[in-house]
Ligand SMILES: [Zn+2]
């Protein structure tokens, strides 16, 4: 499952490679998208920018046209120089943006839309998205807005709230467990039970983990096997709690617990020794 850091990294790499180039080829398996591309004459426009917001990736084209994609569980964007062998089967390709010398291919991307600027601004999902901890605005009110939104969902378990993209954009199932371990907060606690200090700790940790994963894996743009949250260089020690149910905590030796929670019954992992059930 790609998380916000993976999408952010993909967008940054695609922006570096594609921005300023003219689109010479476009294809998509969804007919509504190819029709819109023809109608708006996408081929011939330049790529302006590639940006991410949470798990959404938006390619902007000259003249105010935007290709919005969302990766959900398995989607990914790859960049291929002309003639390079694709790393995934052609049958998995959903959308393709070709420029001279390079092609961006979206594999198993379930959401692809071509939008005008007006449609982008009014887009229901994008408009309601919570702040992205990787956005430049994080220090400039973004963190405070995330805190406000977590408090507004104060009756929900903090473990579930961190996956709510309307509260904070970009955190997926792996990172929410790791964030709450590092912030020493039990995932079942209601958001309202967190002290201000704990809430700040959770939000800062989310930012740090997302940012750290962006910094360490600049070269790849596909998800998502290399994420690490511990500082250990041993690949077997990459994560604190995620996927480690029944095994001893790396810090205190207590058995790591797991539970299915939330609307999608995703599995959360935590250490009952390190993560407090009650506010400090
Ligand atoms: Zn522990």
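Numbering (this note's numbering), first residue to last: 51 to 330.
All C-beta atoms, glycine included, are put in the ideal place defined by N, C-alpha and C.
In this structure, residue 79 sits away from residue 177, with a CB-CB distance that is not shorter than 7 Å. Burial is judged here by how many other beta carbons sit within 10 angstroms of a residue's own beta carbon; residue 171 has fewer than 16 and is exposed. When 213, 87 and 142 are compared, the shortest CA-CA separation from residue 159 is found for 142.
By alpha-carbon distance to residue 164, the top candidate from 186, 93 and 59 is 93. Short of 8 Å from the beta carbon of residue 240, and not among the five residues preceding or following it, lie these beta carbons of its own chain, in chain order: 204, 205, 206, 207 and 208. A direct Cα-Cα distance of roughly 9 Å separates residue 318 from residue 291. Taking C-beta atoms under 8 Å as the contact rule, residue 253 and residue 197 qualify, at a distance of about 6 Å. Under the DSSP assignment, residue 195 falls in the alpha helix (DSSP H) whose first and last residues are 192–202. Of the residues 213, 280 and 191, the one whose Cα lies closest to the Cα of residue 232 is 280. In this structure, residue 323 has its CB closer than 6 Å to one or more heavy atoms of ligand 1. Rounded to whole angstroms, the separation of the alpha carbons of residue 111 and residue 72 is 9 Å.
The region 321–328 makes no contact with the region 214–221: fewer than 3 CB pairs, one atom from each, lie closer than 8 Å.
For residue 81, no beta strand (DSSP E) segment is defined; the enclosing uninterrupted segment is the alpha helix (DSSP H) at 81–89. Residue state for residue 311 is assigned as strand, using DSSP reduced to three classes. The three-state secondary structure of residue 102, taken from DSSP, is strand. Residue burial is scored here from C-beta neighbours: residue 245 has fewer than 16 other C-beta atoms within 10 angstroms and is therefore classed as exposed.
In this structure, residue 64 sits away from residue 134, with a CB-CB distance that is not shorter than 7 Å. Non-local beta-carbon contacts of residue 152 in its own chain, meaning distances under 8 Å to residues more than five positions away in sequence, involve 67, 68, 71, 129, 130, 131 and 132 in chain order.
Its chain contains 164 as the residues whose beta carbon lies nearer than 6 Å to that of residue 86, once the 5 sequence neighbours on both sides are disregarded; these appear in chain order. A residue is called buried once 16 or more other Cβ atoms fall within 10 Å of its Cβ, and residue 256 is buried on that count.
According to DSSP, residue pairing for residue 154 in a beta bridge involves 129 and 147.
Remark: the C-beta of residue 327 is outside contact range of ligand 1, defined as less than 6 Å to any heavy atom.
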